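**Student:** Structure incoming, see below.
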Amino acid sequence: MNFNEAIRKAAKAMGKIFPTITGILILISLFNTLVPASSYKLLFHGTIFDPVIGSLLGSIVAGNPVTSYLISGDLLRQGISLLTVTAFLTAWVTVGVVQLPAEIQFLGKKFTIIRNLSAFFLSLLVAFATVIIMGL
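Taken in order, the sequence shown gives residues 397 to 532; the numbers are from the numbering used here.
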C-alpha cells in the first residue's frame with residue numbers, strides 16, 4: 397500500500413466515524429452544561445456505596461481530564477470523600493458509556509465492553525489504592 401492509498405483509506409474511515417463522534421461530543425457538552433457539578437453532591441450520602449456511585453456517575457457523564465479536575469476539586473470542597481472523588485475522576489476519564497456507540501463501531505463490541513467493564517472496576521481499585529497510599 398502506498399502513501400496516497402493509505403491517506404484515502406484513513407480519510408474514508410474518519411468520514412464514516414465523524415458523525416458519531418460529533419453526536420457524542422454534543423451529548424457530553426449538553427449534559428455538562430445542563431447538569432451543574434453542585435448537583436452531583438445530591439447523589440452522595442457518606443455511605444460505603446459512594447465510591448460505586450462515583451464510578452457510575454463518572455462513567456456516564458464522561459469528559460476531558462481538565463474539566464474533571466475542576467469538578468473533583470469542587471466535590472472535595474463540598475465534603476465528599478477522596479475515595480469517592482477519585483473513583484469518580486478515574487471513571488470520568490477511562491470509562492465512556494456515552495461513547496459506547498462510536499467505540500463499538502471503531503473497535504468492536506467485545507473489546508469495547510471488556511475495556512469499559514475493566515476500566516470501571518479498576519477505577520474503584522485506583523480509588524482505594526490512592527486513599528491507602530495517601531494514608532487517609
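We treat Cβ as the ideally placed atom computed from N, Cα and C, and that holds for glycine. Here the structure is a predicted model, which means the values were calculated and not measured.
Quick one, which of F507, K437, I509 and T416 has its alpha-carbon nearest L453's?
**Tutor:** K437
**Student:** In this structure, does DSSP put G450 in helix, strand or coil?
**Tutor:** In the structure shown, G450 sits in a helix (DSSP, three-state: H, G or I).
**Student:** Using only CA atoms, which one of E499, D446, N460 and V462 lies nearest to G475?
**Tutor:** D446
**Student:** Within a Cβ cutoff of 8 Å, which residues of the same chain sit near S451, ignoring the five residues on either side of it in sequence?
**Tutor:** Cβ within range, chain order: A483, F484, T486, A487, V491, F516, S519, L520 and A523.
**Student:** Give the C-beta separation of A458 and Q495 to the nearest angstrom, bearing in mind that I take them to be a contact with Cβ-Cβ under 8 Å.
**Tutor:** 7 Å
**Student:** Determine, using beta carbons only, whether V489 and S468 come nearer to each other than 8 Å.
**Tutor:** no
**Student:** Under a Cβ-count criterion, where at least 16 other Cβ atoms within 10 Å of its own Cβ denotes burial, should A402 be classed as buried or exposed?
**Tutor:** exposed
**Student:** Quick one: what does DSSP say A458 is sitting in, helix, strand or coil?
**Tutor:** coil
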